[in-house]
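Participant: Below is one structure. I have some questions about it.
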Ligand SMILES: C[S@@+](CC[C@H](N)C(=O)[O-])C[C@H]1O[C@@H](n2cnc3c(N)ncnc32)[C@H](O)[C@@H]1O
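Residue numbers (the numbering used here): 1 to 243.
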């Protein structure tokens with residue numbers, strides 16, 4: 001069975017790549033308040049290691065976190081023991097009635113178990129159905145622009161006891177971004193090596209907005225969450241279910 005965000009990659013994401021969630025969450029709380037959502041259940045799809053769940057919980061919301069990675073959920077459950085977390089695919093998990101649904105960090109782009117047009121269409125339908133009238137669905141995805149056509153980009157990032165090497169390439173025909181990720185994590189004098197290949201769907205701004213509007217949402221596509229500007233080649237969607 002394929003493991004997504006294995007133990008070492010989950011650890012490295014949590015300690016080395018937490019800024020995206022930590023900087024997005026305050027803007028998301030602001031958007032919730034602008035929509036008069038000051039309490040109630042927030043479902044966090046692709047909750048990762050629970051960084052956004054912790055901030056939402058602290059802000060007074062009830063949170064349900066869902067992620068396909070067992071290792072991510074283990075970290076999340078330790079971080080916020082009072083929040084409910086489930087290991088499941090966001091494409092098939094049951095989504096309970098709720099005030100808002102969020103998905104931070106391009107989770108809806110990942111094509112781990114699936115990311116077909118039909119799976120996405122069904123997800124948007126289930127989300128619309130689960131949200132209370134006046135509820136919002138806030139998420140971000142990747143769009144083209146991570147590499148030039150035909151280019152392969154390699155880079156690395158290191159922390160105190162880890163190194164991560166990433167090789168990425170866009171396929172404009174398939175509208176996919178592929179990231180090959182090698183991790184090296186130090187245990188005393190030895191380094192453990194793991195490798196995963198992540199394929200991500202590249203969205204088109206207007207097609208995404210149309211797909212959400214077709215379900216009944218009022219849609220705002222943005223490049224930021226409040227004061228946090230998303231990194232290049234990402235967009236955020238704020239989809240509002242009218243009362
Ligand atoms: C870049 S991480 C972001 C995690 C977290 N939201 C954050 O901002 O720190 C993407 C997350 O999406 C999760 N993910 C990807 N595809 C998924 C799916 N089909 N169902 C549930 N989780 C998924 C991954 O396991 C990973 O935790």
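Beta carbons are placed, not taken as given, at the ideal position from N, Cα and C, and that holds for glycine.
#1: Any idea if residue 84 is buried or exposed, counting beta-carbon neighbours within 10 angstroms, 16 or more meaning buried?
#2: What is the C-beta distance between residue 67 and residue 91, in whole angstroms, given that I count them as a contact (C-beta under 8 angstroms)?
#3: For residue 128, name the three-state secondary structure that DSSP assigns.
#4: With DSSP run on the structure shown, which of helix, strand or coil describes residue 20?
#5: Let me confirm a value: residue 185 is counted as buried when at least 16 other C-beta atoms fall within 10 Å, else exposed. Which label applies?
#6: Evaluate contact between the stretch 189-197 and the stretch 170-177, counting only Cβ atoms and requiring at least three cross-stretch pairs below 8 angstroms.
#7: Distance check for residue 233 and residue 270, CA to CA, integer angstroms please.
#8: Counting Cβ pairs closer than 8 angstroms, one from the stretch 221-228 and one from the stretch 17-34, do we hit at least three?
#9: Compare the Cα-Cα distances from residue 268 to each of 241, 157, 35 and report the closest residue.
#10: Residues bridged to residue 79 by DSSP?
#11: Regarding residue 106 and ligand 1, is the C-beta to nearest heavy atom distance less than 7 angstroms?
#12: Would you decide whether residue 106 is buried or exposed? Buried here means 16 or more other CB atoms lie within 10 Å of its CB.
#13: Is residue 47 close to ligand 1? I mean its beta-carbon at under 7 angstroms from any heavy atom of the ligand.
Facilitator: So, from the listed chains and residues:
#1: Mapped onto the chain shown, residue 84 falls at position 84. Looking at its Cβ environment, which holds fewer than 16 other Cβ atoms inside 10 Å, residue 84 is exposed.
#2: Here residue 67 corresponds to residue number 67 of the chain shown, with the count starting at 1. Here residue 91 corresponds to residue number 91 of the chain shown, with the count starting at 1. No, residue 67 and residue 91 are not in contact; Cβ-Cβ is about 12 angstroms, not under 8 angstroms.
#3: Here residue 128 refers to the residue found at position 128 of the chain shown. In the structure shown, residue 128 sits in a helix (DSSP, three-state: H, G or I).
#4: For the purposes of this step, residue 20 is taken as residue 20 along the chain shown, with counting starting at 1. Of the three classes helix, strand and coil, the one that applies to residue 20 here is helix, per DSSP.
#5: Here residue 185 refers to the residue found at position 185 when the chain shown is read from its first residue. Result: buried.
#6: Per the Cβ contact rule, the stretch 189-197 is not in contact with the stretch 170-177 (fewer than 3 Cβ pairs under 8 angstroms).
#7: Absent from the structure is residue 270, since the part of the chain shown begins at 1 and ends at 243.
#8: With a cut-off of 8 angstroms, the stretch 17-34 and the stretch 221-228 count as touching, because enough Cβ pairs lie within range.
#9: Any question about residue 268 goes unanswered here, given that the chain covers just 1 to 243.
#10: On the chain shown, residue 79 is found 79 positions in, with the first residue counted as 1. DSSP output for residue 79 lists no bridge partner at all.
#11: Stepping through the chain shown from its first residue, residue 106 is reached at position 106. Yes, ligand 1 has a heavy atom inside 7 angstroms of this Cβ.
#12: By one-based count along the chain shown, residue 106 stands at place 106. Label assigned to residue 106: buried.
#13: For the purposes of this step, residue 47 is taken as residue 47 along the chain shown, with counting starting at 1. Checking the Cβ of residue 47 against ligand 1 gives yes.
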